[in-house]
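Visitor: Residue 31 in numbering that gives the first Met the number 0 is what sits at position 32 of the sequence shown, and the numbering runs on without skipping anything.
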Amino acid sequence: MAEIRIGEYLFRRLKQMGIETAFGVPGDYELALLNYVEPSGLNWIGTPNELVGAYAADGYARLKGAAALVTTFGPGELSALCGLGGSFCEMVPVLHIVGYPSFAAQASGQILHHTLGDMSYDHYVRMSSELSCATTVLKDPSNATAEIDRVLNAMMYLSRDPLHT
């Protein structure tokens, strides 16, 4: 069986769903992930900040059916929440992909930047969960594809058809 990188799988699935463009702001925790955007057949549109990216993704989803926004852990994802909150309220399907500190870095016991300094890495995902129909943190490669599909299915199933709202 051929292996596939998780990032490659994610962006290929988005392409299969008809998403042709990913929006976002490059940041330290998701830079490696961004290497899979264009090889998967998606266009990348960098935005001046995460809030603008969230609004751009919302508009794209309303026209095309769904969208993807990529930000970094902490300040990046928090900056996007106001725009994503609007998408959530209007049931517009926008997938928010957040680059996360590696689990090895988390286990090191060192305080990492973009954290609150308390060795807890779930503050931001808990905040996001209030404005999301589904969330996940991909901790286990053996179930990452199933988790990606679960979240994508929830996003589409629990949203309105944006072309007919």
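Where is the CB? At the ideal position from N, CA and C, for every residue including glycine.
How many Å lie between Leu41 and Met154 at the Cα?
Guide: 19 Å
Visitor: Helix, strand or coil, according to DSSP, for Phe102 in the structure here?
Guide: For Phe102, the secondary structure class from DSSP, reduced to helix, strand or coil, is helix.
Visitor: Let me check one thing: in DSSP terms, what residues is Thr71 bridge-paired to?
Guide: Gly98
Visitor: Could you check whether the region 2–17 touches the region 72–85, counting it as contact only if at least three pairs of C-beta atoms, one from each stretch, sit closer than 8 Å?
Guide: no
Visitor: Mapping DSSP to helix, strand and coil, what is Thr20?
Guide: strand
Visitor: How many angstroms separate the CA atom of Pro25 from the CA atom of Ala31?
Guide: 10 Å
Visitor: Rounded to the nearest angstrom, what separates Thr164 and Tyr59 at their Cα positions?
Guide: Per-residue confidence for Thr164 stands at a pLDDT of 37, beneath the threshold of 50, marking its modelled position as unreliable; no derived number is given.
Visitor: Please list, in chain order, all residues of the same chain as Gly98 whose beta carbon is under 7 Å from its beta carbon, the five residues on each side excluded.
Guide: Around Gly98: Gly26, Tyr28, Glu29, Leu32, Thr71, Phe72.
Visitor: Roughly how many angstroms lie between the CA atoms of Glu2 and Ala145, to the nearest whole one?
Guide: Whole-angstrom Cα-Cα distance: 15 Å.
Visitor: Please classify Asp139 as buried or exposed, where buried requires at least 16 other C-beta atoms within 10 Å of its C-beta.
Guide: exposed
Visitor: Which residues in the same chain have their Cβ closer than 7 Å to the Cβ of Asn48, if we skip the five residues on either side of it in sequence?
Guide: Val24, Ser78
Visitor: What number of angstroms, rounded off, separates the C-alpha of Glu7 from the C-alpha of Pro38?
Guide: 8 Å
Visitor: So, Ala53 versus Ala67, is the Cβ gap smaller than 9 Å?
Guide: No, these two residues do not count as a Cβ contact at 9 Å.
Visitor: Could you check if Gly17 is buried or exposed, using at least 16 other CB atoms within 10 Å of its CB as the buried criterion?
Guide: exposed
Visitor: Please state if the CB of Leu151 and the CB of Leu94 are separated by a distance shorter than 9 Å.
Guide: yes
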